[in-house]
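Enquirer: Here you go, one structure.
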Amino acid sequence: MSLHIQELHASLENGTEILKGVTLDIPAGEIHAIMGPNGSGKSTLSKVLAGHKGYIPTSGTITLDGQDISELSIDQRSRAGIFLAFQYPAEVPGVSNANFIRAALQSRLPKGQEIDAVAYYKNLYAKMDLLEMDRKFTSRAVNEGFSGGEKKRNEILQMIMLDPKYCILDETDSGLDIDALKIVAKGVNAMRSANRGMLLITHYQRLLDYIKPDHVHVMSDGRIVRSGGPELALELEEKGYDFLKEPALAS
Amino acid sequence: MYNDDTATALLEKETYDAINIDRSKGDFTFPERHKFDAGWGLSAHTVDYISDVKKDPDWVREFRHKALKIFESKPMPTNWATEDLNNIHFDKIRYYLSDGEKPKRSWDEVPEEILKTFERLGIPQQERAFLAGVEAQYDSEAAYSNMKEELSKQGVIFVTSAEGLKEHEEIFRPYFGKVIPTGDNKFSALNSAVFSGGSFIYIPKGVKLKQPLQAYFRINSESFGQFERTLIIADEGSEVMYMEGCTAPKFETATLHSAVVELVALKGARIQYITVQNWSSNVFNLVTKRGLAMENAEVRWIDCNIGSRLTMKYPGVVMKGEGARGEVISIALANTGQHQDTGAKMIHAADNTTSNVVSKSISVGQGRATYRGQVHIPKHLKGCKNNTECDALLINSNSRTDTYPAITVKGNRHATQHEASVSQVSEEMLFYMQQRGLDQGQAMSLAVNGFINDLVREFPMEYSVELKRLIDLEMEGSVG
Amino acid sequence: MTATLPAWFKARQQSALQRYETTTTPKRGDEQWRFSNFKQLDFANVSNKPAPEVDVAGLVSRSTGLETPVAKFVFLNDSPVFSESSLPTDVICLPLAEALASHSDLVAQHFMRQETRLGSAKYAALHEASLKNGLFVHIPDGMEIEGSIEVHHWLSGETTIFPHTLVVTGRNAKVRIIDCFRSVDETTPGLAIAFNDLCLGENSQLDYIAIQALNEVTRMIQINETSTDRDARAKGFILNTGASWARNESLSRLDGPGSRSDMLSVSIPAREQEYDQRTLQHHVSEGTYSDLLYKNTLYGHSRTIFSGLIFVGEKAHHTDAYQTCRNLLMTDDCEANSMPGLEINADQVKCSHGSTSSQISDEEIFYLCTRGIDPTRARQLIARGFSVEAVERLADEPTEKLVLKFIDEKFSAIGVSEG
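Protein chains in written order, with our numbering: chain Z, 1 to 251; chain B, 252 to 731; chain C, 732 to 1150.
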């Protein structure tokens, strides 16, 4: 059981290659972190995994628990168990958070089966309490007028509610103060499970103080250039990404 | 919006399904059984025929003939409006069809087929559930007209326009044709010549109706023109909410609906006029609606335009008394083959008058939505305010939208503000929603729903439910 | 015009005259003339008397503008009376009559190629049939002119002038042109029917500024037609302070993908002045951008009409188009009409328009008064600031200074009585 990425290449529509052969295995039960400087391809990797049309996979495979998901649409991948917490979540004006999450849950049920509204709200409120979110939040339009911290918390709430098999968190710590970061981390840690794999994409080591990864990878110029344990993140924090410039290491 | 052709086709199908409304509910007919038929085409003879059948008083007959001359002398307004108007063939329309029966006060007395029609449309059930009174018009005349007994005791009048002009001439006549003069436009003149049906309502001083009055307009016959005429007078300090619904089955040939609605809100009165139209896509719907608001009175038009081949409708408010308020809230949805040409007209004719226009349109497929607005603040007034917002949402790559407001402000003691925007459902928003598991169609529906949500709330609960069902955005029961 | 005119030009003038005669005069009910004052279109009373003697030397010395224009031309009733230039030799910058003789083919390629679509087709035909001269500017590929070409058009006597400005920029070229329209005296009624034709080549940049400060008994029709090739950037600015009536028709046709047009205007009518402005932002190609900002400050019994349309054609996907008209109403007798319009036929378009009419609030005046400024002066300061927002978009200090000089002259002419 794992989310497996093999020799993945992907380009923009104009032909510019962004991912230049990424291989990564995220087994259920493990948390992996990818770190790297801006422009290394980290965010692109998350979008390619989610099936964004702006990036064209040119070779390689993505398999989810053994199933090749390359041909699946964005929503099919979502329902198959991939969740992407966005760095910049889109606003959906006029659609309340409660209705949005409910619609997403409903899309996972067989046709004709309806969500039990009472149980749904009970569950939603419990998860909101965990993330210290105000009840008023349910009637606010998705991400509209949200602060950076509110948006990120909302992403985690949706993640908990949708109960995915594999979570990809793209720069979830960016724009958060330390208190908000702690709450977000609490939500993510609550999701740790032997049945779930997670991929944290981050520029800063700070997030990893609160969410302990099992493995850390360094990405640069569209490739994974180093892999190691949690200590690698500390090393990066200390030395910065400058070492990537040394040709010996990069090759 | 999508480069990938199959995705586009799929999306168009899905959004079509999502947004295409259930017009099948109204798409049925019964055989015509008309005792009176003015025949095809329009002439002085037609007008006399209608006057004879309706036993019009002389002043009404004269009014009609004068209007016919004005109608004939006025050109089609194609200098600013669509050329499609030239496809109305006035000689291929029937102007009056009725069975000669008076409107019934009880559904039991309504002829069976007509009763079945309104039952299928849910009218008697709605009446029992939440209405103060109902009038149901079938082709040219009302088949049913009734109101709760306690209201007549309070002096409320709710009858057809024919009853109004004969039985309540002293109240009816002074306002009739005064808010909208016959020559206001070609179609107000047409209506004035051949009008039949519609409501006359009078709310006495200080009476505040808690439940709405409703009219339902049903076209059953092919190549027919429906020309109802409504006049609502709210006396000082009174309040009324009036709702109208409209349907027609889909015929092979075009049908014409051309109503005139005049509202008079006297000092401190409040009239809300709510329309949910769901015409089939071969109806020309050319309607003139205007309200007069006296001192501290308020007229609100809440309008939802779905269906029809061409709708031209610009509800207006003439704010004639100090402190009067006018409002137009409008939702329009134009699908392929449809042109929703709607808007608002706000005439400030007294100090400290306030008007507000909020219009949202959605263009789907090759549909075209147009907003036309007029705001007029003449000089030597003070403290007038207008706010206009119009937002258009384009769903498909060949959808179309236009906005043509005209604002005239004289003098330095007023404030007007007009804002308009055009947008699409952004690709980022769709990606986000799809990443949560919604397919493209569901995501699009949800986005469209969100776009009009704040205006849908302006409709009374029962209508907003109906409206949502009509727009069918919450298809597949995905959102509660 | 002289016998040296090329045959094609004579033929164009003849057919234009026919077109003028067969085109109907604008009338009530024409959408492009909605709210217009049709009395102003009666030109029969422009007598076309021979112009009185003018002190040309004095006129040239009155023709002050920028401190150091890169070239300067002075026309009196369409005849060139002065020119000086420090332009590089590859640049063609000549009175139109000369250019017709020396660069006939180049002029033919660009001269009045667009259809006049904003209502004045008849007067464009009259202009074409009657024009005697003007300025032709051609900037070759890769030539960036720093500084501005300055043109002074003087109107003298009861007559009609037909000033014409044709500017063609080559690939990656850059230039700025300033046209300044004035009357020799303050009391003689004249008529000016001006046309400016701006043709921007690939990735070129052209700023065009028209300053209209004619006397207040003269009328003016000014037609602007701008077309932009790929990635070109046009900026147009119109200042109206003079004339009894001025009609401006500005059309930006964004032909090339990625091209941009900024359309700016400041108008300060007073007394009985009327300004009637019609604009079209026509997006033909993909990825084009237009931004319009018109600001009117109205005094006295003056009247303005703004009718603007953003038209996004079927192929102009990923277009951004903005349009803003703001009216500042200074008196109880002025009148502002706004008709901002949108017609959208393409996809992934960002468009908006806004129009406001308002007055200076008492709080603003109060604030300035507490700082020791008298109320009249305070009102003028605020009105000036209102105009400056559009002037600053010129983003060239000497040009901004020149425009502000005319604005300040107008404000001081309005003076205490109306301010």
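Where a beta carbon is used, it is the ideal one built from N, C-alpha and C, also for glycine. Since the model is a prediction, treat every value here as computed from it, not as a measurement.
(1) For Y193 of chain B, does the three-state DSSP call read helix, strand or coil?
(2) Using a Cβ-Cβ cut-off of less than 9 Å, list which residues of the stretch 67 to 83 of chain Z approach chain B; keep chain order.
(3) Name the residues in the stretch 696 to 715 of chain B whose C-beta lies less than 8 Å from a C-beta of chain Z; which are they?
(4) Could you check if L862 of chain C is buried or exposed, using at least 16 other CB atoms within 10 Å of its CB as the buried criterion?
(5) Does any C-beta atom of chain B lie closer than 8 Å to the C-beta of I1224 of chain C?
(6) Contact criterion: CB-CB distance below 8 Å. Does D1007 of chain C meet it with respect to chain B?
(7) For I272 of chain B, which of helix, strand or coil comes out of DSSP?
(8) Apply the 10 Å Cβ neighbour rule to P354 of chain B and answer buried if 16 or more other Cβ atoms are within range, or exposed otherwise.
(9) From the beta carbon of G760 of chain C, is the nearest beta carbon of chain B less than 8 Å away?
(10) Using 8 Å as the threshold, is the C-beta distance between T562 of chain B and Q591 of chain B below it?
(11) So E414 of chain B and F369 of chain B are supposed to be a Cβ contact under 8 Å. How far apart are they, rounded?
(12) What are the uninterrupted segments assigned as alpha helix (DSSP H) that are 4 or more residues long and contained completely in the stretch 90 to 136 of chain Z, given in chain order?
(13) Any C-beta of chain B sitting closer than 8 Å to the C-beta of P1071 of chain C?
(14) Give me the chain B residues within the contact set of R765 of chain C, using Cβ-Cβ distance strictly less than 8 Å, ordered along the chain.
(15) Report the option in B:R315, B:N704, B:V550 and B:I344 whose CA atom is closest to the CA atom of K518 of chain B.
(16) Return the residues of the stretch 32 to 49 of chain Z that lie within a Cβ-Cβ distance of less than 7 Å from chain B, sorted by chain order.
(17) Give the DSSP-derived three-state secondary structure of M492 of chain B in the structure shown.
(18) Just the C-alpha distance for E144 of chain Z and N97 of chain Z, rounded to the nearest angstrom, thanks.
(19) Note down, in chain order, every chain A residue with its Cβ under 8 Å from the Cβ of R108 of chain Z.
(20) So which residues on chain B does P89 of chain Z lean against when the C-beta distance must stay under 9 Å?
(21) Around the Cβ of Q745 of chain C, are there at least 16 other Cβ atoms within 10 angstroms (buried) or fewer (exposed)?
(22) Can you tell me the Cα-Cα spacing of I272 of chain B and T972 of chain C, whole angstroms?
(23) How about the stretch 945 to 956 of chain C and the stretch 908 to 926 of chain C: do they share at least three Cβ pairs that are nearer than 8 Å?
(24) Can you name the start and end residues of the alpha helix (DSSP H) that I999 of chain C belongs to?
(25) Report the residue from B:S715, B:F281 and B:Q693 whose alpha carbon sits nearest the alpha carbon of I703 of chain B.
(26) Going along chain C in order, which residues have a C-beta closer than 9 Å to the C-beta of W331 of chain B?
(27) How about V534 of chain B and R560 of chain B: do their beta carbons lie closer than 8 Å?
(28) Is there at least one Cβ from chain B nearer than 8 Å to L1060 of chain C's Cβ?
(29) DSSP state of P1071 of chain C, grouped into three classes?
(30) Quick one: give me the first and last residue of the alpha helix (DSSP H) that Y453 of chain B is part of.
(31) What number of angstroms, rounded off, separates the C-alpha of G112 of chain Z from the C-alpha of Y210 of chain Z?
(32) Run through DSSP, which three-state label would R560 of chain B get?
(33) Skipping 5 residues on each side, what residues in its chain have a beta carbon closer than 6 Å to that of F813 of chain C?
(34) Is the beta carbon of T138 of chain Z closer than 8 Å to that of L157 of chain Z?
(35) Run through DSSP, which three-state label would P737 of chain C get?
(36) Does any residue of chain C have a CB that is nearer than 8 Å to the CB of K417 of chain B?
Expert: To lay it out plainly:
(1) Lying before the first or after the last residue shown, residue 193 of chain B is absent from chain B, which here runs from 252 to 731.
(2) Within the stretch 67 to 83 of chain Z, the qualifying residues are S73, I74, D75, Q76, R77, S78, R79, I82 and F83.
(3) Answer in chain order: L697, A698, N700, G701, F702, I703, N704 and D705.
(4) With 16 or more Cβ atoms within 10 Å of its Cβ, L862 of chain C is classed as buried.
(5) Because chain C in this structure spans residues 732 to 1150, residue 1224 of chain C falls outside the shown range and cannot be described.
(6) Using a CB distance cut-off of 8 Å, D1007 of chain C does not count as an interface residue toward chain B.
(7) Any reading at I272 of chain B must be qualified, since the residue scores a pLDDT of 48, below 50, and its modelled position is unreliable; the value itself is stated next. Here DSSP, grouped into helix, strand and coil, assigns I272 of chain B to coil.
(8) That one is buried.
(9) Closer than 8 Å: yes.
(10) Yes, the Cβ-Cβ distance between T562 of chain B and Q591 of chain B is below 8 Å.
(11) Actually they do not touch by this definition, with Cβ atoms about 19 Å apart.
(12) Counting whole runs of 4 or more residues, the stretch 90 to 136 of chain Z contains the alpha helix (DSSP H) stretches 97 to 106 and 117 to 130.
(13) Chain B has a Cβ within less than 8 Å of the Cβ of P1071 of chain C.
(14) Those are A657, listed as they occur along chain B.
(15) Nearest to K518 of chain B by alpha-carbon distance, out of B:R315, B:N704, B:V550 and B:I344, is B:V550.
(16) Cβ proximity to chain B below 7 Å picks out nothing from the stretch 32 to 49 of chain Z.
(17) If DSSP states are grouped into helix, strand and coil, M492 of chain B belongs with the strands.
(18) Take the alpha-carbon of E144 of chain Z and the one of N97 of chain Z: they are about 10 Å apart.
(19) No chain A is part of this structure, whose protein chains are labelled Z, B and C.
(20) Per Cβ cutoff of 9 Å: Y683.
(21) With fewer than 16 other Cβ atoms within 10 Å, it is exposed.
(22) Reliability fails at I272 of chain B, whose pLDDT of 48 lies under 50, so the model's placement of it is uncertain and no value is given.
(23) Contact holds: three or more Cβ-Cβ distances are below 8 Å.
(24) That residue, I999 of chain C, is in no alpha helix (DSSP H); it is neither H nor E in DSSP.
(25) Of B:S715, B:F281 and B:Q693, the residue nearest in Cα terms is B:S715.
(26) What W331 of chain B touches in chain C: G760, E762 and R765.
(27) Yes, Cβ-Cβ distance for V534 of chain B and R560 of chain B is below 8 Å.
(28) Closer than 8 Å to some Cβ of chain B, the Cβ of L1060 of chain C qualifies, so yes.
(29) P1071 of chain C falls in the strand class under three-state DSSP.
(30) Here Y453 of chain B belongs to no alpha helix (DSSP H); instead the beta strand (DSSP E) covers S450 to I454.
(31) G112 of chain Z and Y210 of chain Z: Cα-Cα distance of roughly 42 Å.
(32) Coil.
(33) Excluding residues within five positions, the ones whose Cβ falls inside 6 Å are V791 and V805.
(34) No, these two residues do not count as a Cβ contact at 8 Å.
(35) When DSSP states are grouped into helix, strand and coil, P737 of chain C belongs to the coil group.
(36) Using beta-carbon distances, K417 of chain B does not count as an interface residue toward chain C, since no partner is under 8 Å.
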